[in-house]
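A.B. asks: Numbering (our numbering), first residue to last: 772 to 930.
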């Protein structure tokens, strides 16, 4: 069975995001073992470039430290990443399942991910050219993972 970890900086604040993600995680149960790891956000003390860079580096170091224990193939969600169709994501999941014991989809904090973390990723993936709040990106990722799994299982969820 496919093993997926969604690694995020921060928690889901609004109830509707929590409920939506929980629903898709429940639906994913028959197709994959999916876990969510929420890591602490680093507080931005001022809006200087140096302070912003410090936040990105600290959050990314926390993510990488966590991922070192998992041996997961990393998919970094970032704005400059490749935009995949649902079918392409399904194909990626299918191929990746044969190459790695686990996939880790990484959603950074509001300032993004460090270059060093993105270089470690097997795939840089963009959810959209539009800017999405990180909580909404998590919900969309959960839905798209479910959609990809149903495509691979030939179940008529995807139209």
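By construction, the Cβ of each residue, glycine as well, lies at the ideal position given by its N, Cα and C atoms. Just so you know, these numbers come straight off a predicted model, no measurement behind them.
Taking Cβ positions, are residue 888 and residue 880 nearer each other than 9 Å?
C.D. replies: Not in contact: residue 888 and residue 880 (Cβ atoms no closer than 9 Å).
A.B. asks: Check residue 851 in the structure and name its three-state DSSP category.
C.D. replies: Reduced to three states, the DSSP call for residue 851 is strand.
A.B. asks: Look up residue 834 in the DSSP assignment and say whether it is helix, strand or coil.
C.D. replies: Helix, per DSSP.
A.B. asks: For residue 875, does the three-state DSSP call read helix, strand or coil?
C.D. replies: Of the three classes helix, strand and coil, the one that applies to residue 875 here is strand, per DSSP.
A.B. asks: In angstroms with no decimal places, state the Cα-to-Cα distance between residue 835 and residue 864.
C.D. replies: If you take the alpha carbons of residue 835 and residue 864, they lie about 21 Å apart.
A.B. asks: If you follow the alpha helix (DSSP H) that residue 867 is in, where does it begin and where does it stop?
C.D. replies: Residue 867 -> alpha helix (DSSP H) spans 857 to 870.
A.B. asks: Is the number of C-beta pairs between the segment 858 to 872 and the segment 821 to 833 that are closer than 8 Å three or more?
C.D. replies: Not touching, per the Cβ criterion.
A.B. asks: In the DSSP assignment, find the unbroken beta strand (DSSP E) run with residue 816 in it and report its ends.
C.D. replies: Segment: none, residue 816 is in no beta strand (DSSP E) and carries neither H nor E.
A.B. asks: Would residue 778 and residue 799 qualify as a contact pair, given that the criterion is a beta-carbon distance under 9 Å?
C.D. replies: Against a cut-off of 9 Å, the Cβ pair of residue 799 and residue 778 comes out as no contact.
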